[in-house]
Amino acid sequence: MTTSIIPVISLPAGPLAQAPTTPAPANNLWLMSSGALAVLLVAGGVYFKLETDKLHKRIRAEEFRVRELKKRLDLALKSIHKMEANPDLVNSREFNLDYLRMRMQEEIFHFAIVNQIKMKIKTMVSVALRPTQQQAGTQNNAQTNQGRQVDQLFDVEYETCTDGVKRVKRVLFRVQVRITKLPTQPTSRTIEEIINCLERYLSLADDDDDRWQPTIQGRIVTISWDQKAKPTPLLVLEQSGEGMNVTLKTRRAAGAAK
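Going by the numbering used here, the first residue of the sequence shown is number 310, and it counts up by one from there.
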């Protein structure tokens with residue numbers, strides 16, 4: 310009996326070898342896009358947090374500044390109310406001047422006072438500047454050329470609340486105008502010059518020009534507070550008696566210096 314021999318081929322153990330595959334480019338692009346987006350989101354979050362912190366700091370600083378300003382305003386209003394209600398201070402010339410300087414820094418108060426001065430100059434001083442019919446008829450030519458002396462005094466008033474309800478009108482200060490009315494200039498022009506001089510003098514705290522020299526009708530004018538007037542302050546506007554034009558005087562002084 311014959312025995313058949315069947316050859317047996319042994320295979321090596323392990324996975325079968327596969328052909329190499331290349332990665333898909335779409336997957337790599339998606340991963341890179343996702344990573345870049347994540348970095349941008351993190352950077353945006355950090356930037357937003359920093360800006361938010363800065364904004365909160367600014368808000369807190371502004372709130373603190375507003376509270377401080379409100380405290381100062383309340384204190385100033387209380388001080389003003391106490392001053393206005395104290396009769397001893399009201400009758401003091403020094404207090405009235407300090408009070409006037411303090412209140413003139415307020416835009417509304419400054420406008421009210423200047424507007425009142427304008428109205429009284431137009432209604433009172435303008436009448437004094439214009440001669441009456443009798444004076445105009447009896448004036449001779451020599452008196453006309455010399456000009457006419459005008460001395461006018463008026464009060465500048467304001468209202469205060471003493472008990473929070475009742476309003477009391479008081480005299481804040483007085484204004485005295487002393488000028489020589491010349492016939493060479495219209496009265497309306499002289500009135501305008503007087504108003505401009507007083508308005509600018511009361512606004513000198515806001516004026517950078519410290520070389521300002523007031524003039525009316527081309528002549529030097531002095532404006533000052535009368536030191537002897539008590540208790541109500543007196544603001545005096547007086548025209549120089551030299552009778553010389555400012556421009557002419559400057560030229561003569563320059564010629565004398567040469």
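We put the beta carbon where it would ideally sit given N, CA and C, even for glycine.
Being a predicted model, the structure only gives us computed values, none of them experimental.
Using only CA atoms, which one of the options lies nearest to residue i?
i	options	result
E501	Y467, K429 and P540	K429
L438	M413, I488 and Q425	I488
F418	L546, K537, S512 and D460	S512
E508	S497, D464, T493 and Q425	Q425
I422	F463, V436 and H390	F463
T499	W521, K431, A538 and K537	K431
Going by beta-carbon coordinates alone, are residue i and residue j separated by less than 7 Å?
i	j	result
V486	V434	yes
R483	T531	no
L543	D535	yes
P495	C506	no
K427	I504	yes
E466	R476	no
What number of angstroms, rounded off, separates the C-alpha of residue i from the C-alpha of residue j?
i	j	result
R549	G527	The sequence shown places Ser at residue 549, rather than the Arg named in the question. About 10 Å.
I573	R381	Given a span of 310 to 567 for the chain in the structure shown, any question on residue 573 remains unanswerable.
M413	F420	9 Å
L384	E377	11 Å
A451	I529	With a pLDDT of 48 at A451, under the threshold of 50, the modelled position of this residue cannot be trusted; read the value that follows with caution. Each residue's Cα considered, the two are about 23 Å apart.
L346	H365	28 Å
Q458	L491	9 Å
V351	M411	56 Å
E415	S533	22 Å
L375	T361	At residue 375 the sequence reads Val, which differs from the Leu that was named. The straight-line gap from Cα to Cα measures roughly 21 Å.
S497	K478	30 Å
A562	Y510	Reliability of the predicted coordinates at A562 is poor, the pLDDT of 33 falling under 50, and the value obtained from them is presented with this limitation in mind. The alpha-carbon atoms of A562 and Y510 are separated by roughly 26 Å.
M341	V355	21 Å
A370	G353	26 Å
V348	N337	17 Å
K379	Y408	21 Å
L406	I525	26 Å
K363	E372	14 Å
Q461	H390	32 Å
G344	F357	20 Å
A538	T493	34 Å
With respect to 6 Å, is the separation between the Cβ of residue i and the closest non-hydrogen atom of the ligand GDP below this value?
i	result
L384	Looking at this structure, you won't find the ligand GDP or any other ligand, since it has none at all.
Quick one: what's residue i bridged to in DSSP?
i	result
R457	K490
F482	V465
W534	L544
T524	I529
In chain order, which continuous runs of the alpha helix (DSSP H) of length 4 or greater are located wholly inside the region 340–384? none
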